[in-house]
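Have a look at the structure below before the remarks.
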Amino acid sequence: MNQMSETRKFTEDILATANAKSQTIITKAENERQQLLDEARKNINREAAEITRNAEADAEGVKRREISEVRHRVKLREELEKDKVLTDVLNETKKKVHEIVNDKNKYSAYLVRLVTDSIRQLGMQSVRVHLSAEDLKNIDITALVREVTSAVKTPTKIEVAKDPVTTSGGVVVSSPDDKIRIVNTFEQRFEALEPKLLIEAGRLLFRDYS
Amino acid sequence: MSGLEIVKIIVDSEKEAGNILVQAEARALEIRKQLDDIVLREREEKLSTAKREATSTVQKAEMQGKSEALQYEKESEIRIKVLIQNASAKKNSAVKALSDMILI
């Protein structure tokens, strides 16, 4: 009887030990799984966060691009409209300047100023004045020379060339040998002043909107 | 109980103990194997949700951008119209000023 009970106890111990070991193995496996799962979840969350971050950056870029495209388009349109007005104003200015030719008194006074300035720029005592064919026909040359001589205030020999220059108005003043020329025709003045005219026109027309 | 019977009982219980351990190892293996499936499923779910939300975020931003751009364009149209109207009103005085610059 005693022998049997000892044997049962012995076998019970063997099984209890096996069960305990079994539980340890399973618990260890579960713990490992949980640890690996936690690590994997961290990585998954990192990946998801990266996707979200990239999407936010993309979204910002998409939005910025939409607005920037329209801003660029609007800016071009604005420049185009401004350009039209500026071109129109410059063309009107050319017309208005050419109209002075029809007002004999105003135009003669203008030519006197122009020739006087040109002689001063040239700094010579003897000069040749070149006019357009129209001006040679319509302007009182004697009066022009007289008024210029008086305006220059230094003794200057003024000769008016008989050959006309091709221009719609204004004057070319040269040295007697024609080697040095001050060109003050309308066309040249427009060309020389165009950058300034554009700046001034822009200032006058759009100064409240710059 | 004879000695032989005792030895048999002990050998049987050792066998049973061995079986218990084998089963435990099999269960542990199964537990570890489950990990891959769980990770794969959770990753797929989480990333697919994130991608869906990302697409929606970008689409929303695009729509918002288009709407803001449209509003800006409308406002600019009006601003340019006013700008040109005001400039046109100043045209004659500008032509006079520019002519004066040319005519000294």
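Protein chains in written order, with the numbering used here: chain R, 42 to 251; chain E, 12 to 115.
Cβ atoms here follow ideal geometry from the backbone N, Cα and C, with glycine treated the same way.
The model shown is predicted, which means the values in this text are computed figures rather than measured ones.
So, with DSSP's three-state summary, where would you put residue i?
i, result
"Lys178/R", "helix"
"Ser215/R", "strand"
"Val224/R", "strand"
"Ser209/R", "coil"
"Leu114/E", "coil"
"Gly76/E", "helix"
"Gly29/E", "helix"
"Lys194/R", "coil"
"Lys135/R", "helix"
"Ser109/R", "helix"
"Met45/R", "helix"
"Lys101/E", "coil"
"Gly4/R", "Residue 4/R lies beyond the range of chain R shown here (42 to 251); nothing can be said about it."
"Ser13/E", "coil"
Per the DSSP calculation, residue i is bridged to which residue(s)?
i, result
"Asn146/R", "Paired residue(s): none; Asn146/R is not in a bridge."
"Leu201/R", "It is Val, not Leu, that sits at residue 201/R in the sequence shown. Val170/R."
Can you name the residues of chain E whose CB is closer than 7 Å to the CB of residue i?
i, result
"Asp144/R", "Under the 7 Å cutoff, chain E gives no residues; its nearest Cβ is about 11 Å from Asp144/R."
"Asn60/R", "Ile31"
"Arg169/R", "Neighbours of Arg169/R on chain E: none; closest Cβ ~21 Å, over 7 Å."
Whose Cβ in chain R lies nearer than 8 Å to the Cβ of residue i?
i, result
"Leu94/E", "Glu119, Glu122, Lys123, Phe247 and Tyr250"
"Lys101/E", "Leu245 and Leu246"
"Ile113/E", "Thr134, Val138, Phe227, Arg230, Phe231, Leu234 and Leu238"
Which residues in chain R sit within 9 Å of residue i, going by Cβ to Cβ distance?
i, result
"Leu15/E", "Simply none; closest approach about 12 Å."
"Ile42/E", "Ile67, Ala70, Glu71, Glu73 and Arg74"
"Ile21/E", "Thr48, Phe51, Thr52 and Ile55"
Residues in the same chain with beta-carbon distance under 7 Å from residue i, minus the five sequence neighbours each way, listed in chain order, please.
i, result
"Ala57/R", "none"
If the cut is a Cβ gap below 9 Å, which residues of chain E does residue i touch?
i, result
"Val224/R", "Ordered by position in chain E, no residue passes the 9 Å Cβ test against Val224/R, which lies about 14 Å from the chain."
"Ile141/R", "Ser110 and Leu114"
"Glu241/R", "Ala105, Ala108, Leu109 and Met112"
Along chain E, which residues have their Cβ under 8 Å away from the Cβ of residue i?
i, result
"Val130/R", "Lys102, Ala105, Val106 and Leu109"
"Val213/R", "In chain order: nothing, as chain E lies at least about 16 Å away."
"Val126/R", "Ile95, Ala98, Ser99 and Lys102"
"Gln162/R", "Residues of chain E passing the Cβ test: none, with the nearest at roughly 13 Å."
In its own chain, which residues sit with a C-beta less than 8 Å from the C-beta of residue i, not counting the 5 before and 5 after it?
i, result
"Lys83/R", "none"
Within a Cβ cutoff of 6 Å, which residues of the same chain sit near residue i, ignoring the five residues on either side of it in sequence?
i, result
"Ala150/R", "none"
"Val186/R", "Ile199"
Quick one: which chain R residues come within Cβ less than 7 Å of residue i?
i, result
"Ile89/E", "The premise fails here: Ile89/E is roughly 11 Å from chain R at the closest Cβ pair, so nothing lies under 7 Å."
>> Along the stretch 78-104 of chain R, where does the CB come closer than 9 Å to a CB of chain E? Name the residues.
In response: Leu78, Ala81, Arg82, Asn84, Ile85, Asn86, Glu88, Ala89, Ala90, Glu91, Ile92, Thr93, Asn95, Ala96, Glu97, Asp99, Ala100, Glu101, Gly102, Val103 and Lys104
>> At a CB distance below 8 Å, what residues from the stretch 51-82 of chain E approach chain R? Give them in sequence order.
In response: Answer in chain order: Glu53, Arg54, Lys57, Leu58, Thr60, Ala61, Lys62, Glu64, Ala65, Thr66, Thr68, Val69, Lys71, Ala72, Glu73, Gln75, Gly76, Lys77, Glu79, Ala80 and Leu81.
>> What are the residues in the stretch 104-115 of chain R lying within 8 Å of chain E by C-beta distance?
In response: Lys104, Arg105, Arg106, Glu107, Ile108, Glu110, Val111, Arg112, Arg114 and Val115
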